[in-house]
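Each residue of the sequence shown is one higher than the one before, counting from 1 in UniProt numbering. By construction, the Cβ of each residue, glycine as well, lies at the ideal position given by its N, Cα and C atoms. As the structure is a prediction and not an experimental result, all values here were calculated from the model. Presented below is the structure to which this report refers.
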Amino acid sequence: MALTLTQLRYLVAVARYGSVTMAARALNVSQPSISVAIDNVEDALGQKLFVRQRGSGIALTSFGRSAVAKARQVLSEADELAALGSREADVGGELVLGCFEDLAPYFAPALIRSFSERCPSVTVIVRDESFETLGRRLADSAIDLGLTYDLGLPAHFKRVLLHELRPHALLPAGHVLADKRTVSLADLAAYPLISTDQPHSWQHMLDLFLSRGLSPIAQSSTSSFELQRSMVANGFGVAVSYTRPHGDRSYDGLPLVCKPLSDPLPMQRIILTHDTRQRLPKAALAFIEVAKGWFASHDVFTA
């Protein structure tokens, strides 16, 4: 067997992007170079690594997931070997961080900056993910770590707690509840509820109301957190959220009112997670320690 590190890097890139075209673009090489490398790896291993899916690129086979996990391990160890000669850091290589899309813009840049100051030899790649794609890409070894809420993850995923958040109510300015010090879910249930269409997020919010014996009035479902905030700011309804950006205004500049909820509701956890069936590279272990320190020293979504 004569596999090269370049072939393994091409294999991991295709698994990460789910497309030969996207992998070639990211690596700045030709598509035929990627395709030939994948064919060579499949010939050497004697099994198919990918299956083509009509309209949705390619997906790893069961054997392919094992092969990619091992390839990432080999590449990580090769990068760590190369980093031994670096005077700047004893951790090198590449780290792929998947972030739940609602959290990514608020935390990923600051965490990556802090990590890069500590480990300048590591190349960090950040990917926006939904709840569904995050778990799948972690299982496929397409990403190393996931930054997300503790929702919808398999039992064998390790969870590293970074922060806990209380839910709050989102109201348009001038709403009849806006002058109250706190509001209850019963208060909110009397008004149309704007939710997001992330299945785990939507179900979690619904369960909060059901736990109090309430059935909210469903108004509409939005594709993103910021669209949800804009819909509330424009008077289409109310919402419940854990995420709270700095500055209570929607993207279109309208004011929002955030009120604590008076109900004794469970906290939501911001975590780093990974598949325990995969070996974490040193860069991922170092990132976990940096992230824990960063969250411990910063105020997050304080009212």
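Taking all protein chains in view, the Cβ of Gln-53 is surrounded by fewer than 16 other Cβ atoms within 10 Å, so the residue is classified as exposed.
When DSSP reads this structure, Thr-148 sits in a beta bridge with Ile-271. Ranked by Cα distance from Asp-248, the first of Ala-69, Leu-285, Leu-214, Cys-258 is Cys-258. When C-alpha distances from Thr-61 are compared across Ala-108, Phe-100, Pro-32, Leu-11, the shortest belongs to Leu-11.
The residue among Leu-5, Trp-294, Leu-280, Gly-293 with its C-alpha nearest the C-alpha of Asp-144 is Leu-280. Rounded to the nearest whole angstrom, the C-alpha separation of Ala-169 and Ile-217 is 15 angstroms. Each of Asp-275, Glu-101, Arg-269 was checked against the Cα of Ala-155, and the nearest Cα belongs to Asp-275. Judged by DSSP secondary structure, Asp-128 falls within the beta strand (DSSP E) whose first and last residues are 122 to 129. For Ser-250, the CB contacts under 8 angstroms within the same chain, skipping 5 residues up- and downstream, are Glu-226, Arg-229, Ser-230, Val-232, Ala-233, Asn-234, Leu-256 in chain order.
Here Glu-289 is exposed. Its C-beta has fewer than 16 other C-beta atoms within 10 Å.
In the DSSP annotation of this structure, the continuous segment of the beta strand (DSSP E) that includes Arg-52 starts and ends at 50 to 52. Rounded to the nearest whole angstrom, the C-alpha separation of Thr-133 and Ile-58 is 14 angstroms.
Gly-93 is a Cβ neighbour of Ala-283, given a cutoff of 8 angstroms.
Contact annotation: the stretch 99 to 119 touches the stretch 148 to 164, with at least three C-beta pairs closer than 8 angstroms.
With a cutoff of 8 angstroms on beta-carbon distance, Ser-114 and Pro-167 are scored as not near each other.
For the pair Ser-121 and Val-91, the Cα-to-Cα distance works out to about 7 angstroms. The residue among Leu-188, Phe-236, Ser-211, Leu-153 with its C-alpha nearest the C-alpha of Ser-221 is Phe-236. Using a Cβ-Cβ distance cut-off of 8 angstroms, the stretch 178 to 190 and the stretch 200 to 216 are in contact, since at least three pairs of beta carbons, one from each stretch, lie closer than that value.
When the Cα atoms are used, Val-124 and Ala-110 turn out to be separated by approximately 12 angstroms.
Its Cα nearest to that of Ile-194, the residue Leu-171 stands out among Ala-291, Ala-108, Leu-171. For His-163, the beta-bridge partners assigned by DSSP are Ile-270.
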